[in-house]
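**Student:** Structure provided below as structure tokens; questions to follow.
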Amino acid sequence: MTMHVMTDQERIAYLEQRIAKMRKAGLLLASESKLTIKVSKAGAVSVYGLQRWPVTLYKGQWERLLGIADNLKAFIEANSDQLADKNAD
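Residues -10 to 78 (this note's numbering) make up the sequence shown, in order.
In structure tokens:
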């Protein structure tokens, strides 16, 4: 039985397809992908691309968090000297 050896073009196409599937599934690290938002199986909102795992909260939790967005920004600014900036993307 003869085994098919992939050409460089076939290998590139294969890897591009794998990367696209991983991005769609939210499996790439933040530095490798943009932020994406999806509805989870449990009906929550999941944000992919911030860290290895998605940040998932239910609708009401996101609404509460977004409701204090200005306070959160001010807190971060006031405490910036104490805060780490892991992903400055």
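The C-beta atom is built at its ideal place from N, Cα and C for all residues, glycine as well.
All values reported here derive from a predicted model rather than from experimental measurement.
(1) Measure the alpha-carbon distance for A9 versus Q(-2) and round it to whole angstroms.
(2) Mapping DSSP to helix, strand and coil, what is K27?
(3) Tell me, which residues are paired with T45 by DSSP?
(4) By how many angstroms is the C-alpha of A2 removed from the C-alpha of A31?
(5) Give the DSSP-derived three-state secondary structure of D59 in the structure shown.
**Tutor:** Result, derived from the coordinates:
(1) Approximately 16 Å, taken between the alpha carbons.
(2) Correct three-state label for K27: strand.
(3) Its beta-bridge partners are S35.
(4) So the alpha carbons of these two residues sit roughly 34 Å apart.
(5) In this structure, DSSP gives D59 a helical state, which the three-state scheme calls helix.
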